[in-house]
Structure formats: C-alpha cells, structure tokens
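**Student:** Below you'll find the structure I mean.
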Amino acid sequence: MVKLRLTLPLHDKEALIRLRVDKSFKTRSRITKRTLEVAKAFGIGVDEKKVFQVYKKFEFEVNPGEIIYITGESGSGKSILLKEIGRRLTKHREFGGVLIDHELKIDPDEILVHGVGGDTREAIELLSMVGLNEAYLFLRKYKELSEGQRYRY
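Residue numbers (my numbering): 1309 to 1461.
Now the structure itself:
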C-alpha cells in the first residue's frame, strides 16, 4: 500500500488538485529461440502486438489536507500514477521534486527471458522465483515493466 500526502501551499487554502491520467504502451517481442520456446510452452503468440492500457481517462481530485491511499496488484500502475502526480506537482515551486539514481546498468530493450539464466528453463525459473511468472511478462522488455516489477527483476 502506498500512502500519499499532498500538502497544498498555505497561502492557497482553497486549492484543489484535479488530475486526469491516460497511459498505455505497445509491446512486441522480437523472435528468438528463447521467445519461441516461451511462446510454445505457454501457447501464446510471440509476434502479436499487444497494447497495455494502464489508465484511460482516469480522473481524481485531492482537496487540501486530504490523504489518499493507492493500492493495487503488482504491475497495476501505482508507480505510473505516482510519477504522473509528481511530474505535475513539480511544476509548482512549492512542491519540489525527487531524483532517483539507478546504478544498475540494464538494457531497457532486452526481453526478460534473455536477461537471466543460462537457458530458457532456468530463465523462467528465476523470473518465477521473484514473482515475474506470467508468460507475457517473460516476453516483455525491461522498459515495459512497472516499477515494482523492475525492482524484482
């Protein structure tokens, strides 16, 4: 569970934050020996173009002093929503920003099943051990993962 507290500037007690979030992304795996093995093992199409709609016209309001709770399953878009809130709030001097520096060097375009393990079986085992155990996740690129999924990867 993520708890977010938005404190509005004191000089504007009537302020209200209204946000509308639209977010989707397209994914398609390149065909390799490993991706074909995953597709065959799980009965999925490796060359299918997928569109993941995270939020479509999602709107909400936050009043002064309100605390909102953001919960959801892994990969459901919590981090996307928080980043969008942060991006919009940092436009205002009163809110500032946060910088996170990742020191790990991971190819954002690498398909997960290629990034770990000596062979396909081991890659699937390792990914499953950290909760990345859906067939379509095996075929996603690192950059297509949610923040929580990236952390586990």
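Every residue, glycine too, gets a C-beta built ideally from N, C-alpha and C.
If you compare alpha carbons, which of Ser1382, Phe1350, Ile1414, Gly1425 is closest to Gln1457?
**Tutor:** Here residue 1457 is taken as the residue at index 149 of the sequence shown, counted from 1. Here the closest residue by C-alpha is Ser1382.
**Student:** Could you please give the first and the last residue of the uninterrupted beta strand (DSSP E) stretch that includes Glu1346?
**Tutor:** Locating residue 1346 in the sequence shown gives position 38, where the first residue counts as 1. The displayed chain sequence assigns Val, not Glu, to residue 1346. Where Val1346 is concerned, there is no enclosing beta strand (DSSP E), although the alpha helix (DSSP H) it sits in stretches over 1341 to 1350.
**Student:** On the DSSP letters alone, give me the boundaries of the beta strand (DSSP E) that Val1362 sits inside.
**Tutor:** To locate residue 1362, count along the sequence shown from 1; it is residue 54. It spans 1358 to 1370 - the beta strand (DSSP E) in which Val1362 sits, taken as one unbroken run.
**Student:** Taking contact to mean 3 or more Cβ pairs, one atom from each stretch, closer than 8 Å, check whether the stretch 1334 to 1341 and the stretch 1355 to 1364 are in contact.
**Tutor:** Flag = yes, the stretch 1334 to 1341 and the stretch 1355 to 1364 touch.
**Student:** By DSSP, does Thr1379 sit in helix, in strand, or in coil?
**Tutor:** For this step, residue 1379 is matched to residue 71 along the sequence shown. Residue state, collapsed to three classes: coil.
**Student:** Taking the straight line between their C-alpha atoms, what separation do you get for Asp1415 and Lys1451?
**Tutor:** Position 107 of the sequence shown, counted from the start, is the residue given in the question as residue 1415. Position 143 of the sequence shown, counted from the start, is the residue given in the question as residue 1451. When rounded, the distance between both Cα atoms is 8 Å.
**Student:** How would you call Tyr1461, buried or exposed, if buried means at least 16 neighbouring beta carbons within 10 angstroms?
**Tutor:** Residue 1461 sits at position 153 when you count from the first residue of the sequence shown. Label assigned to Tyr1461: buried.
**Student:** Straight-line CA distance for Arg1395 to Lys1331?
**Tutor:** As a first step, residue 1395 must be located in the sequence shown, where it is residue number 87. As a first step, residue 1331 must be located in the sequence shown, where it is residue number 23. Computed Cα separation, rounded: 14 Å.
**Student:** If I measure Cβ to Cβ from Val1406 and keep anything under 6 Å in the same chain, skipping five residues before and after, which residues do I get?
**Tutor:** Along the sequence shown, one-based indexing puts residue 1406 at 98. Caution applies to Val1406, whose pLDDT of 43 falls short of 50 and renders its modelled position unreliable; the value that the coordinates give is listed next. So the list is empty, once near-sequence residues are dropped.
**Student:** Count the other CB atoms within 10 Å of the CB of Phe1446; is the residue buried (16 or more) or exposed (fewer)?
**Tutor:** As a working mapping, residue 1446 is identified with position 138 in the sequence shown. By the neighbour-count rule (16 or more Cβ atoms within 10 Å), Phe1446 is buried.
**Student:** In the DSSP assignment, what are the bridge partners of Lys1334?
**Tutor:** The residue given as residue 1334 occupies position 26 in the sequence shown. Val1359, per the DSSP bridge assignment.
**Student:** Thr1428: which of Phe1366, Glu1455, Lys1348 sits nearest, CA to CA?
**Tutor:** The residue given as residue 1428 occupies position 120 in the sequence shown. If we check each option's Cα against that of Thr1428, Lys1348 comes out closest.
**Student:** Determine whether the beta carbon atoms of Glu1369 and Arg1326 lie at a separation below 7 Å.
**Tutor:** Reading the sequence shown from its first residue, position 61 is the one you call residue 1369. Reading the sequence shown from its first residue, position 18 is the one you call residue 1326. Taking 7 Å as the Cβ cut-off, Glu1369 and Arg1326 qualify as a contacting pair.
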